[in-house]
């Protein structure tokens, strides 16, 4: 099982690398990927990702109240990879993401 998890994590990291290479053009599909990874990691109710200013605005539910937190990052690829964790529930989520991108031919 660990070997399979490592393959899933490697594939996800490869997808993150590919999706953050903006030399050609930005894809809305990949922005959805980035938001989904951040939202899952922070358990956020909302995420606004501003690639131009290198900021993420998170909507969080804290003690039954809403809170907004802004995070600045230097490198989107490194930031997204830091949101990846190897545990069973996360790996299942990542597997679904990879299945979605494979079946929708988002990575060609």
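Residue numbers (the working numbering): 308 to 415.
Glycine included, each C-beta is placed from N, C-alpha and C at the ideal position.
Keep in mind it's a predicted model, so treat the numbers as computed, not measured.
Look up residue i in the DSSP assignment and say whether it is helix, strand or coil.
i: residue 421; result: Residue 421 cannot be examined here, being either before or after the span of the chain that is shown, 308 to 415.
i: residue 368; result: strand
i: residue 391; result: coil
i: residue 374; result: strand
i: residue 357; result: strand
What span of residues does the alpha helix (DSSP H) with residue i cover, start to end?
i: residue 404; result: 395 to 410
i: residue 343; result: 335 to 349
Just checking my contact of residue i with residue j at CB under 8 Å: how many whole Å lie between their CB atoms?
i: residue 323; j: residue 387; result: 5 Å
i: residue 391; j: residue 319; result: 6 Å
Tell me which residues share the same chain as residue i and place their Cβ nearer than 8 Å to its Cβ, disregarding the 5 neighbours each side in the sequence.
i: residue 381; result: 361
Tell me which residues share the same chain as residue i and place their Cβ nearer than 6 Å to its Cβ, disregarding the 5 neighbours each side in the sequence.
i: residue 349; result: 365
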